[in-house]
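Taking it in order: structure first as structure tokens, then the write-up.
Protein chains in written order, with our numbering: chain C, 47 to 336; chain W, 16 to 457.
The following block contains the structure:
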């Protein structure tokens, strides 16, 4: 009995050891042949990134950005909107590169055609997606450039940084939550949402309209449309251009001097997060008006 | 009785105006003639503000290969060339003419006598159809001269004339077949000559027995023209379905009817061809049905192109107070208008008024996988799946599921017991997929 047991044990141990060593040799050569060389720095960079996979950098997620950075051996042209300059700085230190200055950006809705200013003329009852409504008609208010109000942008936002204002029917962007990933910019079928410089203390001045129709036509549908009158073109810093009946403020040239918003006859130029204007200035304006 | 092979629905017919003879609508005071009333590139205007024009005068030239000429439908002076809200709901360029009198261009025969002898040869016929801006009047408005030129290496065997009028409510083609039967026969013979075919089949659905017997009687004295009565089923008026119903041939996916030796034209187009070739009259008017359950006088009108829809409704007894929606085209494929001043264009076959009670969509419920949309799809697609793929933004999968074969007949949307907006979603998917295909080929 014990002899037999010994014999089986010895046989098993020897045969398994033989198979194991043969397999080990085969595996060694296979591993040599099919070896995948991956830069270990990719993992380092990926760990530093926020891991939101938002696509805001323009690449398919954080891993893809990490691979692209390591491959290019430079941080030039890359940015991580949710992480901001801090993350880029950390990556730069880890890789021994230099990080460029990253300007914080934010999404801006350039339409103010609320139910009050652009009253609906027809009622839409099709599928509640902007993509579809856009292919059907100009919009309930009649402006072919304006917000359709179906909320595709809000659904595209992964950071809960947007909501539809029930009263106006327009999307609102929350300054503290927007990470400038551009998902809403890509989603909007009418290109209403634009990425703009976040500005000092989150202050921004922009033309809240993209209507290129002639002034009279635009005004017929919406009280707060840019009519292309050119009154705002007096800008000292050449930040305002007028093209196709539409004013545009270049955020790189704008110094946030607040001269243009009061000039606009249709209140199409918006200023955000500024302290209220001094009542004195209002008084003067009223007197001049009277 | 013949019909197409798969799918199809049978909505209530509601052909309220089928007994109403075609009447000529009085001239409007002002017309707005859109420069893009056809499939393809918009026409380029050849008149300017202040010009005097006569009825039938060329006002815009279709210069691209797929485009069509546009003629003044009234006489008067050009007020301006400006953008107006057309039936698409967007602003489009149009020539706006203030009507003054009714002077016609010399050379247009306005006499009603029938001219049977066809004196032109094929090339002249096609040139005349091109010059006179004839497009498919069934609704798709594809320029007719392009369809009549058979591409090299292909041969046409049948000319199929679409008198199906499968859309509920519409009666314009029905009336045309009854009242202009003889002209239709000449028009069909002209098209046969242009194509070089010796067989033409008029397909008519069996809910128009008077039209079938009338055309059968007439066609017996015309060589090669026959009439085929078809089972009543929507969307039989679609090109591929009609070919399948009449000849039993299947047009392959993504191919044109000429692939199986067929060319399809609408009865309205055949009549317009008759007028252009025999009477030298450009396409400046068409038959439009105005109908609706609460409308005083559902009727059929011969309307000049560019007439505001409002005038048409006024002629039919005015806009009823309980109107919830005004639709341009048939109830299945038509589109709600958002401005009653939109002009009647070459493709406007009907103006339908629905009451507030008829318009609302059914409440939206979840898909219960009943597969009704699959059974009714005449192209054999899976609408519920296409809708999901479109919603998930997967154009490559949409393409694989043949989304581009969808002709937007709306049968799936109509049948869905859960009230899901299937066609809306499929259209979004088609847009997306079409964009992807174009980008790929660039």
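The beta carbon of each residue, even a glycine, is placed where N, CA and C say it ideally should be.
Check whether the Cβ atoms of residue i and residue j sit closer than 7 Å, and answer yes or no.
i: residue 356/W; j: residue 335/W; result: no
i: residue 95/W; j: residue 131/W; result: no
i: residue 178/W; j: residue 214/W; result: no
i: residue 21/W; j: residue 269/W; result: no
i: residue 202/C; j: residue 233/C; result: yes
i: residue 89/C; j: residue 116/C; result: no
i: residue 92/C; j: residue 112/C; result: yes
i: residue 62/W; j: residue 89/W; result: no
i: residue 17/W; j: residue 245/W; result: yes
i: residue 278/C; j: residue 127/C; result: no
i: residue 267/C; j: residue 187/C; result: yes
i: residue 418/W; j: residue 434/W; result: no
Spell out whether any CB of chain C is found under 7 Å from the CB atom of residue i.
i: residue 446/W; result: yes
i: residue 443/W; result: yes
i: residue 353/W; result: yes
i: residue 469/W; result: Lying before the first or after the last residue shown, residue 469/W is absent from chain W, which here runs from 16 to 457.
i: residue 104/W; result: yes
i: residue 101/W; result: no
i: residue 436/W; result: yes
i: residue 376/W; result: yes
i: residue 439/W; result: yes
Is it buried or exposed for residue i, if we count other Cβ within 10 angstroms and need 16 for buried?
i: residue 461/W; result: What is shown of chain W runs 16 to 457, which leaves residue 461/W out entirely.
i: residue 344/W; result: buried
i: residue 378/W; result: exposed
i: residue 248/W; result: buried
i: residue 190/C; result: buried
i: residue 324/C; result: exposed
i: residue 431/W; result: buried
i: residue 332/C; result: Only weak support exists for where residue 332/C lies, its pLDDT of 48 falling under 50; the value from the coordinates is given anyway. With fewer than 16 Cβ atoms within 10 Å of its Cβ, residue 332/C is classed as exposed.
i: residue 244/C; result: buried
i: residue 336/C; result: Legend: pLDDT at residue 336/C = 37, less than 50; position of this residue unreliable, no value from coordinates given.
Once the 5 residues before and after residue i are set aside, which same chain residues still bring their CB inside 6 Å of it?
i: residue 294/W; result: 124
i: residue 426/W; result: 24, 391
i: residue 47/W; result: 99, 109, 111, 321, 358
When the cut-off is 7 Å and only beta carbons count, does residue i lie next to chain W?
i: residue 119/C; result: no
i: residue 335/C; result: Only weak support exists for where residue 335/C lies, its pLDDT of 41 falling under 50; the coordinates are left without a value.
i: residue 168/C; result: yes
i: residue 233/C; result: no
i: residue 205/C; result: no
i: residue 172/C; result: yes
i: residue 183/C; result: yes
i: residue 320/C; result: no
i: residue 164/C; result: no
i: residue 150/C; result: no
From the DSSP output, in three-state form, read off residue i for me.
i: residue 192/W; result: helix
i: residue 98/C; result: coil
i: residue 444/W; result: helix
i: residue 358/W; result: strand
i: residue 454/W; result: helix
i: residue 113/W; result: strand
i: residue 88/W; result: coil
i: residue 264/C; result: helix
i: residue 133/C; result: helix
i: residue 299/W; result: coil
i: residue 315/C; result: strand
i: residue 411/W; result: helix
i: residue 165/W; result: coil
i: residue 280/W; result: strand
i: residue 2/W; result: Outside the modelled stretch of chain W, which goes from 16 to 457, sits residue 2/W, for which no answer is possible.
i: residue 65/C; result: helix
i: residue 314/W; result: strand
i: residue 149/W; result: coil
Cutting at 7 Å between CB atoms, please list the residues of its own chain near residue i, excluding the five before and the five after it.
i: residue 442/W; result: 423
i: residue 285/W; result: 176, 199, 202, 203, 206
i: residue 99/C; result: 107, 108
i: residue 329/C; result: Residue placement at residue 329/C cannot be trusted, given a pLDDT of 48 that sits under 50; the coordinates are not used to answer.
i: residue 318/W; result: 40, 300, 301, 303, 327, 359
Counting only C-beta atoms, is residue i closer than 7 Å to chain B at any point?
i: residue 425/W; result: The chain inventory of the structure shown lacks chain B, comprising the protein chains C and W.
When you measure from the CB of residue i to every non-hydrogen atom of the ligand ZN, does any distance come out below 6 Å?
i: residue 113/C; result: Within the structure as shown, the ligand ZN is missing, as the structure has no ligands at all.
What residues in its chain sit with their C-beta under 8 Å from that of residue i, if we drop five residues either side in the sequence?
i: residue 150/W; result: 52, 53, 54, 83, 156, 157, 158, 159, 284, 298, 361, 362
i: residue 291/C; result: 257, 258, 259, 260, 261, 264, 272, 273, 274
i: residue 97/W; result: 108, 109, 111
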